[in-house]
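Residue numbers (this note's numbering), protein chains in the order written: chain A, 1 to 325; chain B, 326 to 650.
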């Protein structure tokens with residue numbers, strides 16, 4: 001399959017590396033709104049101005065759109081889906097219905113297939129929730145994120161005056177995770193589910209106490225959580241907090257039996273050294289399914305819920321049954 | 326959806342209770358090769374002789390066939406699939422291609438949809454393997470089963486002279502599970518993956534040492550494992566080992582990044598008080614998908630790999646996107 005990347009940030013770079021791991025995928029090019037001359041790619045793939053994309057109609061099977069959910073994807077995905085099969089990672093939950101509607105109209109108008117909100121959450125975690133809820137109709141759902149870097153929380157700290165750099169780790173509260181795993185169904189507050197670890201480089205002469213207070217009292221982001229703040233040097237930040245690890249668990253505890261006398265626990269969990277690289281691998285697997293669905297005439301906007309697992313794999317149905325069933 | 330159960334052993338009873346947990350499912354009847362007069366059902370559902378099934382054509386949406394894989398299902402599933410949509414839990418791995426072929430011909434001849442090899446392994450574990458392999462093309466797969474009762478191993482012990490009753494638990498070796506979870510890729514022997522705990526009621530006057538030796542040296546079943554044997558009374562068996570718990574984990578460790586420098590771990594795990602009840606819940610969720618696929622004209626033999634997650638849920642596409650995505 002011929003893949004194009006639209007947007008060359010962390011996720012776009014992740015897709016570039018994900019293509020290398022999929023022998024049936026070929027990277028046609030990277031499309032950017034920046035000056036292509038300023039970009040050096042890891043793979044040596046050609047870089048084009050975003051406006052050139054439309055000239056590649058017919059030469060690209062799927063465009064993987066790597067933009068932000070706040071302002072990029074609401075415009076980009078419907079725009080590109082009229083001419084190309086696309087996959088995006090739109091993750092603003094409240095706006096999914098609106099995004100779905102717009103992308104659906106665009107993709108149907110061009111006979112294309114568009115998969116939105118792909119990745120691991122939304123994405124693989126959403127899939128885990130639907131399987132678990134379908135199999136255990138009576139039960140309780142839990143999602144724990146981390147330990148991992150939250151870009152949104154790190155950015156929020158960086159906006160505080162006197163902060164030169166910051167990294168925030170979301171950490172699940174282990175006692176709560178274990179209680180859920182034991183099949184208990186605790187009602188958990190935000191504080192009981194996650195704690196927040198912040199590493200901050202203060203600007204020269206900045207008031208550290210003031211920064212710390214500004215962090216731990218920040219509404220919504222931090223005030224509902226147990227938050228620890230540690231000041232480190234720029235060198236320590238670079239050496240110890242350079243990666244973007246993440247992960248988490250989706251757990252459903254359900255009851256079964258004639259009198260709901262038995263318990264079942266289903267858990268799906270991820271531990272990732274690199275959040276954007278893993279997200280990108282999910283996008284590429286679903287790009288394969290999007291292309292297949294498009295060839296079958298299944299057009300319009302889809303989500304991960306509409307994709308049969310077999311369509312994600314390069315293997316044939318016979319191979320899948322003999323190796324994985 | 327109108328469900329019929331064919332076969333009323335542990336799994337059939339599980340389906341009966343699973344129907345109760347699914348408000349869109351209705352149990353039309355239980356079909357048995359035994360004398361219906363001898364059977365009292367937990368739900369009060371009517372019991373019919375197996376031969377009566379064909380008279381219910383049009384009144385049943387999906388027949389869930391609850392028989393053994395060795396001799397029952399290879400005959401029953403192709404036989405029933407000509408007249409009814411069916412789901413079975415065929416689990417003799419080596420014979421899946423042959424079973425698939427026969428069921429496919431039968432289902433296609435009657436315009437029916439048949440899903441084979443459903444449950445949790447094969448079933449949900451198979452699905453976990455295909456997602457993990459599609460997302461992480463370069464990696465290693467591990468499956469650990471247990472702690473749980475293995476019927477096959479329990480039966481093997483019961484066939485030893487002097488054994489009145491037996492229960493065998495398959496137990497994953499925790500150190501190995503933890504090593505895999507840490508992202509190491511150990512090469513593990515059978516002994517390093519699982520150990521076997523046996524609880525045995527000896528017949529009066531039986532030679533316990535001889536029984537123990539017969540167990541731990543039994544080829545394939547026990548000789549490749551660390552096996553412990555404990556003799557207990559019939560009362561202890563009934564009190565402490567009456568259930569059929571099971572579970573396990575499917576783990577894939579993969580590498581990603583431009584130089585495979587990062588690791589990702591995907592784990593799917595189950596902890597089940599009742600193996601047959603949980604298996605039955607999976608069968609009922611997939612029965613829903615089978616009926617929908619049949620109504621769309623998707624006929625023939627299918628596996629869990631061919632079913633999009635959305636088709637498992639009673640919720641609408643809009644509801645699924647807003648609740649689970």
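All residues carry an ideal CB built from backbone N, CA and C; glycine is no exception.
Note that the structure is a prediction, hence the values are computed from the model and not measured.
Does DSSP put residue i in a helix, a strand or coil?
i, result
"residue 25(A)", "coil"
"residue 86(A)", "strand"
"residue 645(B)", "helix"
"residue 596(B)", "strand"
"residue 633(B)", "coil"
"residue 337(B)", "helix"
"residue 566(B)", "coil"
"residue 620(B)", "helix"
"residue 277(A)", "helix"
"residue 561(B)", "helix"
"residue 342(B)", "helix"
"residue 329(B)", "strand"
On a Cα-Cα basis, can you pick out the residue from the options that is closest to residue i?
i, options, result
"residue 256(A)", "464(B), 386(B), 553(B), 344(B)", "344(B)"
"residue 156(A)", "265(A), 144(A), 47(A), 220(A)", "220(A)"
"residue 472(B)", "570(B), 638(B), 327(B), 576(B)", "570(B)"
"residue 27(A)", "136(A), 324(A), 269(A), 45(A)", "45(A)"
"residue 463(B)", "48(A), 117(A), 285(A)", "285(A)"
"residue 167(A)", "178(A), 200(A), 124(A), 279(A)", "200(A)"
"residue 124(A)", "304(A), 325(A), 314(A), 318(A)", "304(A)"
"residue 302(A)", "134(A), 197(A), 85(A)", "85(A)"
"residue 261(A)", "603(B), 590(B), 542(B)", "603(B)"
"residue 326(B)", "552(B), 350(B), 432(B), 358(B)", "350(B)"
"residue 251(A)", "41(A), 22(A), 118(A), 185(A)", "185(A)"
"residue 333(B)", "373(B), 562(B), 348(B)", "373(B)"
"residue 207(A)", "178(A), 289(A), 162(A), 223(A)", "162(A)"
"residue 105(A)", "119(A), 79(A), 122(A), 95(A)", "79(A)"
"residue 273(A)", "591(B), 631(B), 527(B), 528(B)", "591(B)"
"residue 368(B)", "340(B), 642(B), 616(B), 445(B)", "340(B)"
"residue 428(B)", "408(B), 506(B), 354(B), 543(B)", "408(B)"
"residue 412(B)", "366(B), 329(B), 644(B), 453(B)", "329(B)"
"residue 543(B)", "521(B), 422(B), 364(B), 435(B)", "521(B)"
"residue 347(B)", "646(B), 649(B), 640(B)", "640(B)"
"residue 421(B)", "336(B), 579(B), 402(B)", "402(B)"
"residue 465(B)", "512(B), 548(B), 478(B)", "512(B)"
"residue 483(B)", "502(B), 414(B), 536(B), 382(B)", "536(B)"
Could you give the C-beta distance for residue i and residue j, rounded to a whole number, given that I count them as a contact under 8 Å?
i, j, result
"residue 312(A)", "residue 455(B)", "7 Å"
"residue 17(A)", "residue 287(A)", "About 15 Å separates the two Cβ atoms, so there is no contact after all."
"residue 624(B)", "residue 433(B)", "6 Å"
"residue 135(A)", "residue 607(B)", "5 Å"
"residue 467(B)", "residue 496(B)", "Residue 467(B) to residue 496(B), Cβ: 15 Å. No contact."
"residue 264(A)", "residue 254(A)", "5 Å"
"residue 573(B)", "residue 469(B)", "5 Å"
So with CB distances below 7 Å, who are the chain A contacts of residue i?
i, result
"residue 498(B)", "Here the premise fails: no neighbours, minimum Cβ distance about 19 Å."
"residue 408(B)", "Those within 7 Å of residue 408(B) in chain A number zero; the least Cβ separation is about 25 Å."
"residue 447(B)", "325"
"residue 421(B)", "321, 325"
Strictly below 7 Å CB to CB, what residues from chain B border residue i?
i, result
"residue 303(A)", "646, 650"
"residue 257(A)", "342, 599, 602"
"residue 238(A)", "Simply none; closest approach about 17 Å."
"residue 306(A)", "633, 635"
"residue 129(A)", "649"
"residue 262(A)", "598, 599, 602"
"residue 42(A)", "583"
Run down chain A in chain order and give the residues with a C-beta less than 9 Å from the C-beta of residue i.
i, result
"residue 463(B)", "21"
"residue 592(B)", "249, 267, 268, 269, 270, 271"
"residue 504(B)", "Per Cβ cutoff of 9 Å: no residues; residue 504(B) is ~14 Å from chain A at best."
"residue 442(B)", "321, 325"
Could you name the residues of chain A that residue i contacts, counting a contact when the two beta carbons are closer than 8 Å?
i, result
"residue 460(B)", "124, 278, 281, 282, 285, 312"
So residue i contacts chain B; which residues on that side make the cut at Cβ distance below 8 Å?
i, result
"residue 144(A)", "Chain B residues near residue 144(A): none, gap ~13 Å exceeds 8 Å."
"residue 100(A)", "646"
Which chain B residues are close to residue i, counting only those with a beta carbon under 9 Å from its beta carbon?
i, result
"residue 231(A)", "What residue 231(A) touches in chain B: nothing, since even the nearest Cβ is about 28 Å away."
Would you list, in sequence order, the uninterrupted alpha helix (DSSP H) runs of no fewer than 4 residues that lie entirely inside the region 356-406 of chain B? 398-406
Could you tell me which uninterrupted alpha helix (DSSP H) segments, each at least 4 residues in length, are contained entirely in the region 475-549 of chain B, listed from first to last along the chain? 476-483, 499-506, 515-518, 533-541
Runs of beta strand (DSSP E) lying entirely within the region 420-475 of chain B, each at least 3 residues, in chain order: 438-440, 464-470
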